[in-house]
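Remarks on the structure that follows.
Residue numbers (the working numbering): 1 to 250.
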């Protein structure tokens with residue numbers, strides 16, 4: 001898990017920067033709208049919507065904003081019709097990248113994503129070219145100073161697959177279908193999570209360093225800054241020493 005741990009840390013920091021830029025609200029609104037359109041507006045019977053609402057409330061989104069997003073998804077209010085499209089590609093050092101988007105114009109989005117890949121040392125792949133390298137899993141994150149022993153005991157009892165101390169957080173991994181039940185059990189045990197989400201975990205990782213590491217981070221950064229991009233997943237690994245060097249020169 002070491003490679004994913006490092007990627008998780010980078011993605012975690014990036015999420016915080018996104019929040020400061022205000023983009024997190026746009027992405028959450030799109031996720032709520034699409035989730036409501038796909039599975040209905042009742043979070044009790046729509047697990048994807050329930051996760052999106054948890055994130056929205058955690059980001060201090062107002063109730064009115066959330067309700068409007070749900071109603072746009074269910075058709076009670078007019079709104080933009082977003083389509084989910086995942087793009088696959090390769091980055092410097094041969095790393096695999098998945099780019100999840102929500103867009104109202106696929107022609108625009110694919111052109112922008114392809115441009116970012118080509119300009120930043122990567123290239124787009126065909127559908128299925130790298131997706132097989134990732135596994136969909138549930139992820140429940142706790143602060144680094146949380147009681148790891150309590151989390152481990154409660155999580156395994158609830159059916160979690162793994163608990164990993166990733167330095168900046170304690171991560172509980174579950175089967176995607178078991179995420180909600182494990183999260184509810186942990187909350188019932190008095191354990192407050194920072195985030196609960198469905199994510200894509202790489203089955204194998206590729207270590208990058210030096211110029212390749214710098215290019216990889218720059219490519220991921222530009223992809224995540226695109227307005228249509230919801231999530232970016234990659235299978236690279238960067239050592240602690242290399243990360244310290246990169247942070248020192250950034």
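Here a beta-carbon is modelled for each residue, glycine too, at the ideal position from N, C-alpha and C.
Would the C-beta of residue i count as close to the ligand MG, meaning under 6 Å from any of its heavy atoms?
i: residue 248; result: With respect to the ligand MG, the structure shown offers nothing to examine, as it has no ligands at all.
Considering Cα atoms alone, identify which of the options is closest to residue i.
i: residue 164; options: 62, 139, 24, 202; result: 139
i: residue 124; options: 59, 133, 112; result: 112
i: residue 106; options: 114, 117, 85; result: 85
i: residue 214; options: 127, 248, 194; result: 248
i: residue 203; options: 81, 133, 151; result: 133
i: residue 94; options: 130, 232, 181; result: 130
i: residue 205; options: 195, 158, 96, 242; result: 96
i: residue 74; options: 58, 42, 121, 141; result: 42
i: residue 146; options: 171, 212, 185; result: 171
i: residue 184; options: 228, 54, 243; result: 54
i: residue 119; options: 128, 135, 92; result: 92
i: residue 182; options: 141, 212, 88; result: 141
i: residue 80; options: 59, 44, 32, 49; result: 32
i: residue 162; options: 62, 88, 201, 100; result: 201
What does the alpha-carbon distance come out to for the pair residue i and residue j?
i: residue 168; j: residue 143; result: 7 Å
i: residue 98; j: residue 137; result: 15 Å
i: residue 239; j: residue 209; result: 8 Å
i: residue 225; j: residue 236; result: 19 Å
i: residue 67; j: residue 174; result: 29 Å
i: residue 38; j: residue 56; result: 18 Å
i: residue 234; j: residue 153; result: 30 Å
i: residue 35; j: residue 177; result: 16 Å
i: residue 116; j: residue 219; result: 7 Å
i: residue 189; j: residue 102; result: 36 Å
i: residue 232; j: residue 90; result: 12 Å
i: residue 148; j: residue 51; result: 23 Å
i: residue 126; j: residue 222; result: 20 Å
i: residue 155; j: residue 108; result: 43 Å
i: residue 78; j: residue 47; result: 24 Å
i: residue 64; j: residue 71; result: 11 Å
i: residue 228; j: residue 197; result: 19 Å
i: residue 216; j: residue 114; result: 15 Å
i: residue 26; j: residue 104; result: 14 Å
i: residue 186; j: residue 121; result: 42 Å
i: residue 244; j: residue 40; result: 45 Å
i: residue 258; j: residue 207; result: The chain is shown only over 1 to 250; residue 258 falls outside these bounds and no answer can be derived.
i: residue 166; j: residue 230; result: 23 Å
i: residue 29; j: residue 179; result: 21 Å
i: residue 76; j: residue 82; result: 16 Å
i: residue 242; j: residue 23; result: 29 Å
Tell me, please, which residues DSSP counts as bridged to residue i.
i: residue 89; result: 97, 124
i: residue 141; result: 171, 195
i: residue 201; result: 135
i: residue 102; result: 84
i: residue 229; result: 101
Does DSSP put residue i in a helix, a strand or coil?
i: residue 77; result: coil
i: residue 82; result: coil
i: residue 130; result: coil
i: residue 234; result: strand
i: residue 166; result: coil
i: residue 208; result: coil
i: residue 239; result: coil
i: residue 147; result: coil
i: residue 246; result: helix
i: residue 161; result: coil
Original post:
Where are the alpha helix (DSSP H) runs, 4 residues long or more, that stay fully inside the segment 24 to 68, in chain order?
Top reply: 47 to 58
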